[in-house]
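Engineer:
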Amino acid sequence: MLFANHEPMGIALLGLNGKDQPMMEMFLKRHWSTQCIVVPDHLAKLCILDLDGIEGNRLLQRQQSEYNQRPLIVLSVHDMSIVGVRVLRKPLRTELLKETIDVCRSEILQDRIRIEKAQSESERIIRVLPSTGPVKQRGIASEWQFQSSGENKRRLSVPSAASQARIIESTCGKSNKKEEKQPLITNKSYFYNHESNLQLILKSAIETSRSNRKPAHLVFQDGKSITILPNANQCLNAISDSKLKPRCLLKLSAEQVKVVSSDYSESQLMMSCDDNPQPLDALLWKVSLWSSRGRLPIGTVEDVNIGIRKWPNLTRMLAIPEFIRIAALWSKNPISLTKTAELLRIETGYIYAFFSACHAMDLIQFHSSYKQNSNQKDPISKKLAKTGFLRRILTRLQSM
Amino acid sequence: MSEHKIIFTGPVGAGKTTAISVLSDIVPITTDELASDMTKDLKQQTTVAMDYGLMRINGSERVHLYGTPGQERFNFMWEVLTQGGLGLVLLIDNSRKEPFQDLYFFLDAFKSFIHTTAISIGITRMDEKSHPEIDDYHREISAMGWPVLPIMEVDAREKEDMSMLVQSLLYTIDPTIAE
């Protein structure tokens, strides 16, 4: 079992010969990247010992006498069992070694949690309480930073113009302004396969975790993970935005991202992790936007009338001003994607990206047989008199 | 000269005065008095008549921002304040004992004004108390028979939050406002 963003675990390699030592180091690096590092014996949390070397038995005795509380993995060609030691028989099966190291990591973490639990109750509470809120994204890679300039501040800061342009490109795709006179043509490039990427894997993991009411880890091949905390409606994300974004564009298989159910409680996981929790909805929202990049989920029909069941919580999500307009339109009257673009006169990329994110969050409702009420006034003519003024107020608000 | 007004309402302590102060171009005019009733348990001063702020749009255009007093005993003023208003910004304090009761009360009290204009709802103090969640408010509003309304988590002290909330109000009035 893996956990999000712990400090690297030190592993001591003892008794390995000059050929096996670098092989083992490469193996560790490949599977856990920087999460496991080889350290001297006295700094290690876990030891892997080759019993078949000349010094094997002496090293084992030393481990048992000096580090009897520390997990120990012994490698040997002989079939044997040693009390309190995990023995792996050579030739080594890498999967088994990997699993054994993971089990040891879990035990080490559990011990850490136990130690922390013994700390004063007040300190523990302070660490758990902030979990309810969004969220400060750590690291410079987060384009749309959450600010925490004071206590309990939970909001998004406004990015610079250049940064906003990057956000728009990464969520709504490249601008088509030069081609805007071209008619809207449905072709393959408008669609993406949302069923074979991170968006669906994350969504399914959230749904499963919520229905089981148990935390779950999304573990990537490189050992990075996202921990889902269904009851707190939060996640612990060890992956920076800049690294998460390209993953959203990849076709991912179950082998590349594993979903592992956790046996630990949410508070234990929060205590053991340095990441600030962030809302699950906000994560799914931005993953959907990055997956979309201004394209529609495959199979979407552009001429079907749609609406939204509820407004997304845009103040706490990756949002651009056009999203408010689209949300306002879709919350009032069911309308097709094509008509939305015509009526709002905005690029389809904005509409498709917003649709994709809303679709991932199950906010979209389809109205295949909806016909607009003939008594309903055309919103444009109804409000025409105020439009200029409203526009100017909006310009003023957007410049704040 | 073109003049319009936006009304801010909500229970005592929801952040109406603060919201107006972050949006206003002038130092807001408040009619705060020392609280003498149960409000004093929540804050030392409270609005007894109204708050007033102003957004200057250009030379001759202005948007007046009016905040209603939170206590129900001042509700005789609400009808007067809303006359000619563009729309209503309702702020609900999530940390209060029964925020849904506040929601029902204010939606009902301003029903006719909302039906002829628009509303956006900001939920404040969610950092102090995270439940009910935004989804719960949507459920309540839907159960009351209201259409889909903009509801967002806001911090009344934050300009960006309040700006987005008012933008959602204006786009609800007319989503087709051209760039």
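The listed protein sequences derive, respectively, from chains A and W. Throughout the first sequence, residue numbering follows our numbering, covering 208 to 607 in sequence. Throughout the second sequence, residue numbering follows our numbering, covering 943 to 1121 in sequence. Quick reminder that beta carbons are idealized off the backbone N, C-alpha and C, glycines included.
With a threshold of 8 Å between beta-carbons, can A/Thr522 be considered close to chain W, or not?
Structural biologist: Cβ-Cβ to chain W under 8 Å: yes for A/Thr522.
Engineer: Taking the alpha-carbon positions, what's the W/Ser966 to W/Met997 distance?
Structural biologist: Cα to Cα, W/Ser966 sits roughly 5 Å from W/Met997.
Engineer: Would you identify the three-state DSSP class for A/Ile332, choosing helix, strand or coil?
Structural biologist: Caution is warranted here: a pLDDT of 33 is assigned to A/Ile332, below 50, making its placement in the model unreliable, and the coordinate value is therefore given only provisionally. Helix, per DSSP.
Engineer: Could you give the uninterrupted runs of the alpha helix (DSSP H) lying entirely in the segment 527 to 562 of chain A, keeping only those of 4 residues or more?
Structural biologist: Whole alpha helix (DSSP H) segments, 4+ residues: 528 to 539, 544 to 551.
Engineer: So that I know if they touch, is there some Cβ in chain B lying closer than 8 Å to that of W/Thr960?
Structural biologist: The structure shown contains no chain B; its protein chains are A and W.
Engineer: Terminal residues of the continuous alpha helix (DSSP H) containing A/Lys236?
Structural biologist: Where A/Lys236 is concerned, the enclosing alpha helix (DSSP H) stretches over 227 to 239.
Engineer: Closer than 9 Å between beta carbons: that is the criterion. Which residues of the segment 1094 to 1105 of chain W meet it against chain A?
Structural biologist: Within the segment 1094 to 1105 of chain W, the residues whose Cβ lies closer than 9 Å to some Cβ of chain A are Met1094, Glu1095, Val1096, Asp1097, Arg1099, Glu1100, Lys1101, Glu1102, Asp1103, Met1104, Ser1105, listed in chain order.
Engineer: For a cutoff of 8 Å on Cβ pairs, would you count W/Leu1023 as touching chain A?
Structural biologist: Taking Cβ atoms only, chain A never reaches closer than 8 Å to W/Leu1023, which makes this a no.
Engineer: Can you have a look at A/Met230 and say buried or exposed, based on whether 16 or more other CB atoms are within 10 angstroms of its CB?
Structural biologist: The residue in question, A/Met230, is exposed, as its Cβ has fewer than 16 Cβ neighbours within 10 Å.
Engineer: For W/Thr888, would you say it is in contact with chain A, using Cβ-to-Cβ distances shorter than 8 Å as the test?
Structural biologist: Since the first residue of chain W shown is 943 and the last is 1121, residue 888 of chain W is not available in this structure.
Engineer: In three-state terms, what does DSSP make of A/His566?
Structural biologist: Three-state DSSP puts A/His566 in a helix.
Engineer: Scan the segment 428 to 487 of chain A and note each continuous beta strand (DSSP E) run of 3 residues or more that stays entirely inside, going in chain order.
Structural biologist: Fully enclosed beta strand (DSSP E) runs of 3 or longer: 432 to 436, 441 to 444, 464 to 468, 484 to 486.
Engineer: Keeping to the same chain, check which residues put their C-beta closer than 6 Å to that of W/Pro1041; ignore five residues upstream and five downstream.
Structural biologist: Within the same chain, W/Pro1041 has close Cβ partners Ile1034.
Engineer: Assuming W/Thr1114 and W/Ser1062 make a contact with CB atoms under 8 Å, what is their CB distance in whole Å?
Structural biologist: Contact flag correct, Cβ pair sits at about 7 Å.
Engineer: Ignore the nearest five residues each way along the sequence and tell me which others in W/Lys958's own chain have a CB closer than 8 Å to its CB.
Structural biologist: Phe950, Thr951, Gly952, Thr989, Asp993, Gly1009, Thr1010, Gly1012, Leu1033, Ala1098.
Engineer: Alpha carbon to alpha carbon, how far is W/Leu1107 from A/Thr602?
Structural biologist: Computed Cα separation, rounded: 14 Å.
Engineer: Give the single residue among A/Asp257, A/Ala548, A/Phe562 whose Cα lies nearest to the Cα of A/Trp204.
Structural biologist: The requested residue 204 of chain A is not part of the displayed model; chain A covers only 208 to 607.
Engineer: Can you list, in chain order, the residues of its chain with a C-beta nearer than 7 Å to that of W/Gly1026? Leave out the 5 residues immediately preceding and following it.
Structural biologist: Contacts found: Lys947.
Engineer: Could you name each continuous alpha helix (DSSP H) segment of 4 residues or more that falls completely within the segment 257 to 290 of chain A, going from the start of the chain to the end?
Structural biologist: As far as the segment 257 to 290 of chain A is concerned, its whole alpha helix (DSSP H) runs of at least 4 residues are 263 to 273.
Engineer: Which residues of the segment 484 to 506 of chain A have a Cβ closer than 8 Å to any Cβ of chain W? Give them in chain order.
Structural biologist: Going along the segment 484 to 506 of chain A in chain order, one finds no residue with a Cβ nearer than 8 Å to chain W.
Engineer: Please state whether the Cβ-Cβ distance between A/Thr378 and A/Arg277 is less than 8 Å.
Structural biologist: Cβ atoms of A/Thr378 and A/Arg277: not closer than 8 Å.
Engineer: Considering only the alpha carbon of each residue, which of A/Glu314, A/Arg265, A/Tyr471, A/Leu405 lies closest to A/Pro455?
Structural biologist: Note on residue identity: the sequence assigns Cys, not Pro, to residue 455 of chain A. Checking every option, the nearest Cα to that of A/Cys455 belongs to A/Leu405.
Engineer: Can you tell which of A/Val466, A/Gln271, A/Trp537, A/Leu299 has its C-alpha closest to the C-alpha of A/Pro283?
Structural biologist: The sequence shown places Ser at residue 283 of chain A, not Pro. Out of A/Val466, A/Gln271, A/Trp537, A/Leu299, A/Leu299 has the C-alpha closest to the C-alpha of A/Ser283.
Engineer: Mind checking which residues open and close the alpha helix (DSSP H) that includes W/Met962?
Structural biologist: Rather than Met, the amino acid found at residue 962 of chain W in this sequence is Ile. Note, W/Ile962: alpha helix (DSSP H), 958 to 965.
Engineer: So the alpha helix (DSSP H) A/Asn520 belongs to, where does it begin and stop?
Structural biologist: Neither: A/Asn520 is in no alpha helix (DSSP H) and is coded neither H nor E.
Engineer: Provide the residue span of the beta strand (DSSP E) that contains W/Thr1118, from first to last.
Structural biologist: Per DSSP, W/Thr1118 belongs to no beta strand (DSSP E) and is neither H nor E.
Engineer: Which residue marks the beginning of the alpha helix (DSSP H) containing W/Val1022, and which one marks its end?
Structural biologist: 1018 to 1024 is the span of the alpha helix (DSSP H), which, as asked, contains W/Val1022.
Engineer: For A/Ala564 and A/Trp492, what's the separation of their Cα atoms in angstroms?
Structural biologist: Cα to Cα, the separation comes out at about 5 Å.
Engineer: Please report the residue range of the alpha helix (DSSP H) in which W/Phe1042 lies.
Structural biologist: Its alpha helix (DSSP H) spans residues 1041 to 1051.
Engineer: Which class does W/Val1005 belong to by DSSP, given the choice of helix, strand or coil?
Structural biologist: Looking at W/Val1005 - three-state DSSP - the assignment turns out to be strand.
Engineer: Along the chain, where does the alpha helix (DSSP H) containing W/Asp1035 start, and where does it finish?
Structural biologist: No alpha helix (DSSP H) holds W/Asp1035; the beta strand (DSSP E) holding it covers 1027 to 1035.
Engineer: Is W/Glu1100 buried or exposed, if buried means 16 or more other CB atoms sit within 10 Å of its CB?
Structural biologist: W/Glu1100 should be labelled buried.
Engineer: I need the boundaries of the alpha helix (DSSP H) containing A/Arg417, first residue and last residue.
Structural biologist: 405 to 419 is the span of the alpha helix (DSSP H), which, as asked, contains A/Arg417.
Engineer: Between which residues of its own chain and A/Leu487 is the CB-CB distance below 7 Å, once the five residues before and five after are set aside?
Structural biologist: For A/Leu487, where only same-chain residues beyond five positions count, the Cβ hits under 7 Å are Ile413, Ile435, Asn440, Gln441, Cys442.
Engineer: So for A/Ala489, helix, strand or coil by DSSP?
Structural biologist: A/Ala489: helix per DSSP, three-state reduction.
Engineer: What is the DSSP secondary structure of A/His574, reduced to helix, strand or coil?
Structural biologist: The answer is strand: DSSP assigns A/His574 an E or B state.
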